[in-house]
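Note sheet for the following structure.
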Amino acid sequence: MQGNFFVYGLVGALAIALLVAAFTDIRRRQIDNWLNAAIALSAPVYWWAAGLSLWPDIAIQLGLALGVFIVLAGLFALKMMGGGDVKLLSALALWLAPMSFLKLFIVMSLLGAFLTIVTVAWHFMRTRRRDAKIPYGVAIAVAGLITLAPTLEAGWRSVTGA
Numbered sequence: 002m003q004g005n006f007f008v009y010g011l012v013g014a015l016a017i018a019l020l021v022a023a024f025t026d027i028r029r030r031q032i033d034n035w036l037n038a039a040i041a042l043s044a045p046v047y048w049w050a051a052g053l054s055l056w057p058d059i060a061i062q063l064g065l066a067l068g069v070f071i072v073l074a075g076l077f078a079l080k081m082m083g084g085g086d087v088k089l090l091s092a093l094a095l096w097l098a099p100m101s102f103l104k105l106f107i108v109m110s111l112l113g114a115f116l117t118i119v120t121v122a123w124h125f126m127r128t129r130r131r132d133a134k135i136p137y138g139v140a141i142a143v144a145g146l147i148t149l150a151p152t153l154e155a156g157w158r159s160v161t162g163a
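Now the structure itself:
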């Protein structure tokens, strides 16, 4: 992947999309369908640019995304997770290798726990109610950026010659 500016550009665009997801989740407690669709639909372009083979590379990506969607859709049905969060994580599973997705999931879980504690405490102190909506897209986005950081740094070094 060294020197492949197009791949780095796509990963940079994904990073920007994650920032947009975090921002909209903070402001409206919603991640737009158009954003999740753009992330998911741009994954095949990334696969092509990164040189992924149909078997087993792309098959693994599709299987991972399907598995993530099934599990998280169950959590959505139980009202334990928002629909936008489910779709965002499923779309990200199309981009990340299984071990990278596991890293994202672990970091997201830790950040999400912290975010939940802070948000619930803040909401309770202000309203004395415990019905706070957690902007979990922030934890997903930050975990995604942390996971993408090595690729983004390599792209930056390749562009700047550093």
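If you want the working numbering, it's the 1-based position in the sequence shown plus 1.
Glycine included, each C-beta is placed from N, C-alpha and C at the ideal position.
Here the structure is a predicted model, which is why all the values come from computation and not from measurement.
Neighbourhood of residue i by C-beta, 7 Å cutoff - its chain only, sequence neighbours within 5 removed
{"i": "residue 139", "result": "23, 26, 27, 116"}
{"i": "residue 95", "result": "41, 44, 62, 66"}
{"i": "residue 149", "result": "12, 15, 16"}
{"i": "residue 153", "result": "12, 13, 16"}
{"i": "residue 133", "result": "120, 121, 124"}
Cβ shell of residue i (< 8 Å), same chain only, five flanking positions each side left out
{"i": "residue 6", "result": "156, 159, 160"}
CB contact check: residue i to chain D, cutoff 9 Å
{"i": "residue 6", "result": "This model lacks chain D altogether, as it is built from one protein chain only."}
6 Å CB neighbourhood of residue i in its chain, flanking five on each side removed
{"i": "residue 9", "result": "156"}
N-terminal and C-terminal residue of the alpha helix (DSSP H) that residue i is part of
{"i": "residue 26", "result": "6-29"}
{"i": "residue 151", "result": "137-161"}
{"i": "residue 57", "result": "That residue, residue 57, is in no alpha helix (DSSP H); it is neither H nor E in DSSP."}
Check whether the region 101-112 touches the region 137-153, taking contact to mean three or more Cβ pairs, one atom from each stretch, closer than 8 Å.
Yes, the region 101-112 touches the region 137-153.
Any beta strand (DSSP E) of 3 or more consecutive residues that is wholly inside the region 68-101
You should have found no qualifying run.
Give a yes or no on contact between the region 30-37 and the region 82-91, applying the rule of three or more CB pairs nearer than 8 Å.
The region 30-37 vs the region 82-91: in contact.
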